[in-house]
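Trainee: Chains as they are written, first to last, in our numbering: chain A, 875 to 968; chain B, 229 to 527. C-beta atoms are modelled at their ideal positions from N, C-alpha and C, and glycine is treated no differently. Before we start, here is the structure in question, set down as structure tokens.
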Amino acid sequence: MIANYGYKDGSGEFYISIDTDKCLVCTAQRACLTACPKGMFEIMTDDYDDEVAAVKQQFRRTLAYDCTGCKPAGGYTSLPCSSACTPGAIKHSW
Amino acid sequence: MSTGEKKEYWRWEESCWIDEGKNWRDAKIITAGIDVGSVSSQAVICVDGELYGYNSMRTGNNSPDSATNAVNAVLAKSGMKLEDITYVIGTGYGRVNVPFAHKAITEIACHARGANYMGGSSIRTILDMGGQDCKAIHCDEKGKVTNFLMNDKCAAGTGRGMEVIADLMQIPIAELGDRSFDVDVEPAAVSSTCVVFAKSEALGLLKSGYTKNKVIAAYCQAMAERVVSLIERIGVENDFFITGGIAKNSGVVKRIEKLLGTTAADTKYDSQIAGALGAALFGYTLMQKQGAAAAKAAA
Numbered sequence: 875m876i877a878n879y880g881y882k883d884g885s886g887e888f889y890i891s892i893d894t895d896k897c898l899v900c901t902a903q904r905a906c907l908t909a910c911p912k913g914m915f916e917i918m919t920d921d922y923d924d925e926v927a928a929v930k931q932q933f934r935r936t937l938a939y940d941c942t943g944c945k946p947a948g949g950y951t952s953l954p955c956s957s958a959c960t961p962g963a964i965k966h967s968w
Numbered sequence: 229m230s231t232g233e234k235k236e237y238w239r240w241e242e243s244c245w246i247d248e249g250k251n252w253r254d255a256k257i258i259t260a261g262i263d264v265g266s267v268s269s270q271a272v273i274c275v276d277g278e279l280y281g282y283n284s285m286r287t288g289n290n291s292p293d294s295a296t297n298a299v300n301a302v303l304a305k306s307g308m309k310l311e312d313i314t315y316v317i318g319t320g321y322g323r324v325n326v327p328f329a330h331k332a333i334t335e336i337a338c339h340a341r342g343a344n345y346m347g348g349s350s351i352r353t354i355l356d357m358g359g360q361d362c363k364a365i366h367c368d369e370k371g372k373v374t375n376f377l378m379n380d381k382c383a384a385g386t387g388r389g390m391e392v393i394a395d396l397m398q399i400p401i402a403e404l405g406d407r408s409f410d411v412d413v414e415p416a417a418v419s420s421t422c423v424v425f426a427k428s429e430a431l432g433l434l435k436s437g438y439t440k441n442k443v444i445a446a447y448c449q450a451m452a453e454r455v456v457s458l459i460e461r462i463g464v465e466n467d468f469f470i471t472g473g474i475a476k477n478s479g480v481v482k483r484i485e486k487l488l489g490t491t492a493a494d495t496k497y498d499s500q501i502a503g504a505l506g507a508a509l510f511g512y513t514l515m516q517k518q519g520a521a522a523a524k525a526a527a
């Protein structure tokens, strides 16, 4: 399942998508949990009883601001969460 | 000073229905799904995995009371008691506040499951236009979610937005869809994505000479464009199905169909009960699994 967390508003479209099929058999030891400087990820049991990563509820409506520090303007050349997720389950829409 | 009662143009019709052709006393498993949304609440009762009855009403300011009121109406109509229900699943915005629920499941999974029942196993793309959010869901032939996105940050493209326009135009919400086609020329969509600004823009259009119908058409078009941009992010695969209250607004539905180049699948069921129905069906599957496991253990 592709789970898209985020929103679209007048300023743009801000979604973090997580491919839970890749996440389910994580070979990166859940590195996303520690890679995100803001600790935005958590492991939860989804509706189909799979233990997968998700963006914490309190960040889902503020991604444009919370992720700013990890974008190129913040000095990063690649996103820490996407880089840490070696199975390639995490992607940003912007 | 006027003593007349203020008419609530936004108020949509609540409904309660049971299938008189079914006898719940004959059922082995009775499950209920309670969808407490931000605007409306639904209670659906399934007997042996088939829809038996539902109630759809406006959500009050208290989720537990809304859940209780929703189920009580359908229980009263059927002569059933809450204790007769084997398993209850809560879903929707207030799913964790359903006092008698055994489990909570997100409305995304429940809408997919409900749409699979209402529209058939060929349904792949679902658009749920709820009271205060909008969801685009892709599912497989069993109604299992394969891709989803949700927008609950902005009221544009939601039922609440349509209620605001109904009140502003002083036209009953159920009439908005048909009236939006009663225009000489299809107007451009209102440009504001925010409901508050769209309201101001609508007033400006009225002042500039637009008829009420033309303003409604412009708003329906804006709402359609708004949700189509969302659904295109996950891709549209036929069959396509729309759930939620806005599915009853032909002005928005037909414009979405035109923009997507497809037709939404028809259903004989109330589009607003999809989430609660899906929850009740989840409950049935769970009970079947538990029954099978218990039978296996006893053998």
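#1: Contact between the segment 431–450 of chain B and the segment 381–397 of chain B: three or more CB pairs below 8 Å?
#2: Taking 7 Å as the line, does the beta carbon of R239(B) fall inside it for any heavy atom of the ligand HEM?
#3: Return no unless some Cβ of chain A is closer than 8 Å to the Cβ of A337(B).
#4: Considering Cα atoms alone, identify which of S499(B), A430(B) and A526(B) is closest to S268(B).
#5: Residues of chain A with a CB under 7 Å from the CB of N379(B): which are they?
#6: Find the nearest neighbour of D356(B) within the set D406(B), H339(B) and A304(B), judged by alpha-carbon distance.
#7: Measure the alpha-carbon distance for A430(B) versus C897(A) and round it to whole angstroms.
#8: Give a yes or no on whether the minimum CB-CB distance between T951(A) and chain B is below 8 Å.
#9: Compile a chain-ordered list of the residues in the segment 277–302 of chain B whose CB is closer than 8 Å to at least one CB of chain A.
#10: Could you tell me which residues DSSP puts in a beta bridge with A927(A)?
#11: Looking at the C-beta of D924(A), does it have a partner C-beta in chain B at a distance below 8 Å?
#12: By how many angstroms is the C-alpha of K427(B) removed from the C-alpha of I393(B)?
#13: Determine the DSSP secondary structure at L431(B), reduced to helix, strand or coil.
#14: Please say whether Y280(B) and W238(B) have beta carbons closer to each other than 8 Å?
#15: I need the straight-line Cα distance from G359(B) to A525(B), nearest angstrom please.
#16: Take G322(B) and list the residues in its own chain whose beta-carbon comes closer than 6 Å to its own, dropping the five residues that flank it on each side.
#17: Which value, in whole angstroms, describes the spacing of the CA atoms of T582(B) and S294(B)?
#18: Check G342(B) in the structure and name its three-state DSSP category.
#19: Excluding the five sequence neighbours on either side, which residues of its own chain have a C-beta within less than 8 Å of the C-beta of N379(B), listed in chain order?
Mentor: Taking the structure as given:
#1: Cβ pair count under 8 Å is three or more, so yes.
#2: Judged by which ligands are present, the structure shown has none, so any question about the ligand HEM falls away.
#3: It does; some Cβ of chain A falls within 8 Å.
#4: Checking every option, the nearest Cα to that of S268(B) belongs to S499(B).
#5: Within chain A, the residues near N379(B) are Y881 and K882.
#6: For D356(B), the nearest C-alpha among the options comes from H339(B).
#7: Spanning the two alpha carbons is a distance of roughly 46 Å.
#8: Judged by the 8 Å Cβ criterion, T951(A) is not in contact with chain B.
#9: Of all residues in the segment 277–302 of chain B, none has a C-beta nearer than 8 Å to a C-beta of chain A.
#10: When DSSP reads this structure, A927(A) sits in a beta bridge with I917(A).
#11: By this cut-off, D924(A) is not an interface position.
#12: Approximately 7 Å between the Cα atoms of the pair.
#13: DSSP places L431(B) within a helical segment (H, G or I) once states are collapsed to three.
#14: Contact flag unset, no.
#15: Spanning the two alpha carbons is a distance of roughly 45 Å.
#16: The answer, listed in chain order, is V264 and S291.
#17: Chain B is shown only over 229 to 527; residue 582(B) falls outside these bounds and no answer can be derived.
#18: In the structure shown, G342(B) sits in a helix (DSSP, three-state: H, G or I).
#19: Only D361, C362, K363, G385 and L458 meet the Cβ criterion.
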